[in-house]
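Take the sequence shown: its letter number 33 is residue 1053 in the numbering used here, and every next letter is one higher. All C-beta atoms in this analysis are idealised placements derived from N, C-alpha and C, irrespective of residue type, glycine included.
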Amino acid sequence: MSVAEFMNICVSDPEYGYYTTKQQIFNVGGDFTTAPELGQFFGEVFALLNSKSLGVWIEVLLKQMLGVLKVPSTPISIIELGPGTGKLALDVLRSLFTIRKSLQGINMSFVDISDKLKTTQQQKLLNFLQSKNVYMNYKEIEVGPQKMDSFTSDGDFSMCWGRTLAQVMEHDLRRMESAKK
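Next up, the structure:
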């Protein structure tokens, strides 16, 4: 047995795996805390970096405030590995929505082996989206040997959850190819 196979069993075994059986992983009562759990700054900086550069963002923000310029909706694809409670994704989504005033052209993909954490992430993000009047359509899709959760809006915004990076990347490639048609 390789080290990779052993570690995969340790974290994802349905009966004994760390992420599949542990009740409290993060924060108080858990084993560790990650930067996004401490505040929204980490997610905001990430969103800024995905908006090309801080200098450009400040210029665009000032022009927006003066009513001179609208932010272009350049497509953005984000893949998060092991999104935990979904806090980073929520902070990034909130910041991108604030910067762009729209989620058009944004695709967020998540890789997680824990069904419990996936449900927490989905609830957190869907609640935020609903508060902004962005409603998502759910579809379970087959990509590779396992199914994925896929959510799309009428405004060209999508989110999906897979169990492996390969599965998520295959889904993203299919999505981009169908968008070209």
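- Taking C-alpha positions only, residue 1138 is separated from residue 1129 by approximately 12 Å.
- Short of 6 Å from the beta carbon of residue 1118, and not among the five residues preceding or following it, lies no beta carbon of its own chain.
- Runs of alpha helix (DSSP H) with 4 or more residues, each lying fully within the segment 1085-1146, are found at 1107-1120, listed in chain order.
- By the criterion of at least three beta-carbon pairs nearer than 8 Å, the segment 1187-1195 is in contact with the segment 1157-1172.
- In the structure shown, the three-state DSSP call for residue 1031 is helix.
- Using a 10 angstroms sphere on the CB of residue 1174, the tally of other CB atoms stays under 16, which defines it as exposed.
- Membership of residue 1038 in any beta strand (DSSP E) is not indicated; the residue belongs instead to the alpha helix (DSSP H) covering 1038-1041.
- Within the same chain, Cβ atoms closer than 7 Å to the Cβ of residue 1033 are found at 1040, the five residues on either side in sequence being excluded.
- Under the three-state reduction of DSSP, residue 1169 is assigned to strand.
- In this structure, the CA atom of residue 1136 is about 17 Å from the CA atom of residue 1100.
- Residue pairing by DSSP leaves residue 1151 without any beta bridge partner.
- When beta bridges are read from the DSSP output, residue 1163 appears opposite 1166.
- The three-state secondary structure of residue 1178, taken from DSSP, is strand.
- Using a Cβ distance threshold of 8 Å, residue 1145 and residue 1123 do not count as a contacting pair.
- Counting the other Cβ atoms within 10 Å of the Cβ of residue 1196 gives fewer than 16, which makes it exposed.
- Boundaries of the alpha helix (DSSP H) around residue 1198: 1185-1200.
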